[in-house]
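Undergrad: Below is a structure I'd like to ask you about.
Residue numbers (the numbering used here), protein chains in the order written: chain S, 74 to 207; chain C, -17 to 159.
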């Protein structure tokens, strides 16, 4: 019940609406109750409403309003990219993106792989069934 | 970030006459939605201060002023004079924003909501960037904390694009952050 993800300087958030949808940004400062000053290595520092942000579990150690170099260095040091991509949330997003970008041949390959996997599972199940009945 | 109110610097003077070859030049910084309105506002204010009108004056320059550092947060103090239903009043308001235009826009919307004052009844007397020590209002001072930390209490469930919006949903949303 207590809150685990706080809006604070250094919190990593995911943009869930608008032009920068899907980007990971760092909260660099808080303007007021509804807006934060937000920064990422590939965008100009700007303000963003909290309604557009979803907080993540990742937090990096930076002072209030660092300059761009320090920010990028801190992001590298905390290894945010790898932490994100190995987290279950990050992995799910990668899978979603992959699925959305498939072409017909990829979907065909996936169909074959699914059939193969189902066949192997069914074989094991049949083996287990045989052992319990006999 | 597009702002409704833009800041203009308007420079004008009375027309030169035989008695006054080089009339004094006046410069004003004001907020308006566009250049045409800015020029009109300039003459309105200048008429009230000096004996000059648009018909016997000339506009020398009008430039839009843009924010120098839109990536830093500043505390803006705005002194204004507004007309309520019963008379004119002065007010001092503080806003935290990255740009002065943003602070002014906040001011206009707040005056409209809190006091039902329309934007044409508001005159901005003065604006200033206030250092954190000199801020007077608690609502701006509460953000002067370098270790600020607060949770987002409700998560508003919103579709990433308006195209995916549907009127009906199969299940109730989960608002827990």
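Every residue, glycine too, gets a C-beta built ideally from N, C-alpha and C.
List in chain order: all unbroken alpha helix (DSSP H) runs of 4+ residues lying wholly within the region 29 to 58 of chain C.
TA: Here no run is fully enclosed.
Undergrad: How about the region 20 to 35 of chain C and the region 70 to 80 of chain C: do they share at least three Cβ pairs that are nearer than 8 Å?
TA: No, the region 20 to 35 of chain C is not in contact with the region 70 to 80 of chain C.
Undergrad: One question on the structure: do residue 123 of chain C and residue 114 of chain C come within less than 9 Å of each other, judged by their Cβ atoms?
TA: A contact, by the Cβ cut-off of 9 Å.
Undergrad: Please list the residues of the region 110 to 125 of chain S that have a C-beta atom closer than 8 Å to any C-beta atom in chain C, keeping them in chain order.
TA: Cβ contacts with chain C come from 110, 117, 118, 119, 120, 123, 124.
Undergrad: When you compare the CB of residue 104 of chain S with every CB in chain C, is at least one pair closer than 9 Å?
TA: Yes, residue 104 of chain S counts as interfacial toward chain C.
Undergrad: Under the assumption that residue 89 of chain S contacts residue 125 of chain S (Cβ atoms under 8 Å), give the Cβ distance between them as a whole number of angstroms.
TA: That pair is a contact at about 6 Å.
Undergrad: Work out the CA separation of residue 190 of chain S and residue 184 of chain S for me, nearest whole Å.
TA: The alpha-carbon atoms of residue 184 of chain S and residue 190 of chain S are separated by roughly 10 Å.
Undergrad: Can you tell which of C/143, C/4, C/136, C/128 has the C-alpha that lies nearest to the C-alpha of residue 157 of chain C?
TA: Nearest C-alpha to residue 157 of chain C: C/136.
Undergrad: Rounded to whole angstroms, what's the CA-CA distance from residue -6 of chain C to residue 14 of chain C? Just pull it up for me.
TA: If you take the alpha carbons of residue -6 of chain C and residue 14 of chain C, they lie about 17 Å apart.
Undergrad: Helix, strand or coil for residue 131 of chain C? Go by DSSP, reduced to three states.
TA: Strand at residue 131 of chain C.
Undergrad: What is the rounded straight-line gap between the Cα of residue 25 of chain C and the Cα of residue 94 of chain C?
TA: Straight-line Cα distance between these residues: approximately 25 Å.
Undergrad: Measure from the alpha carbon of residue 42 of chain C to the alpha carbon of each residue in C/2, C/61, C/-4, C/148, then state which is nearest.
TA: The candidate whose alpha carbon is nearest that of residue 42 of chain C is C/-4.
Undergrad: Which residues in chain S have a C-beta closer than 9 Å to the C-beta of residue 15 of chain C? List them in chain order.
TA: Correct list: empty, because the minimum Cβ distance to chain S is about 21 Å.
Undergrad: Residue 70 of chain C to residue 61 of chain C, Cα distance in whole Å?
TA: C-alpha separation (whole angstroms): 13 Å.
Undergrad: With distances taken from CA atoms, which of S/138, S/113, S/133 is nearest residue 97 of chain S?
TA: Closest option to residue 97 of chain S, Cα to Cα, is S/113.
Undergrad: With distances taken Cα to Cα, identify the nearest neighbour of residue 98 of chain C among C/38, C/66, C/148, C/-16.
TA: Ranking C/38, C/66, C/148, C/-16 by Cα distance to residue 98 of chain C puts C/66 first.
Undergrad: Beta-carbon within less than 6 Å of residue 101 of chain C's beta-carbon, same chain only, minus the 5 sequence neighbours each way: which residues are those?
TA: Result list for residue 101 of chain C: 90, in chain order.
Undergrad: Taking any Cβ of chain S, which residues in the region 124 to 140 of chain C have a Cβ under 7 Å from it, in chain order?
TA: So the list reads 125, 128, 130, 131, 132, 133, 134, 138, 140, given in the order they occur along the chain.
Undergrad: Going by DSSP in three states, residue 81 of chain C sits in which element: helix, strand or coil?
TA: Residue state, collapsed to three classes: coil.
Undergrad: What residues in the region 40 to 63 of chain C bring their beta carbon closer than 9 Å to a beta carbon of chain S?
TA: Going along the region 40 to 63 of chain C in chain order, one finds 52, 53, 54, 55 with a Cβ nearer than 9 Å to chain S.
Undergrad: Let me know the secondary structure DSSP gives residue 176 of chain C once reduced to three states.
TA: Nothing about residue 176 of chain C can be read from this structure; chain C reaches only from -17 to 159.
Undergrad: Rounding to the nearest angstrom, what Cα-Cα distance links residue 75 of chain S and residue 91 of chain S in this structure?
TA: Going by the C-alpha atoms only, they are around 30 Å apart.
Undergrad: Please confirm if residue 78 of chain C has its CB atom under 9 Å from at least one CB of chain S.
TA: Taking Cβ atoms only, chain S reaches closer than 9 Å to residue 78 of chain C, which makes this a yes.
Undergrad: Going along chain C, which residues have a C-beta under 8 Å from residue 89 of chain S?
TA: Those within 8 Å of residue 89 of chain S in chain C are 140, 142.
Undergrad: In the DSSP assignment, find the unbroken alpha helix (DSSP H) run with residue 163 of chain S in it and report its ends.
TA: From DSSP, the alpha helix (DSSP H) with residue 163 of chain S extends over 161 to 173.
Undergrad: Can you give me the C-alpha to C-alpha distance between residue 159 of chain S and residue 151 of chain S, rounded to a whole angstrom?
TA: If I take the Cα positions, the gap works out to 14 Å.
Undergrad: How far does the beta strand (DSSP E) with residue -8 of chain C in it extend, from its first residue to its last?
TA: -12 to -4 is the extent of the beta strand (DSSP E) around residue -8 of chain C.
Undergrad: Which whole-angstrom value describes the C-beta separation of residue -8 of chain C and residue 47 of chain C, a residue pair presumed to lie in contact below a C-beta threshold of 8 Å?
TA: Going by Cβ atoms, the distance from residue -8 of chain C to residue 47 of chain C rounds to 10 Å, so no, they are not a contact pair.
Undergrad: Please state the DSSP three-state secondary structure of residue 155 of chain S.
TA: In the structure shown, residue 155 of chain S sits in a helix (DSSP, three-state: H, G or I).
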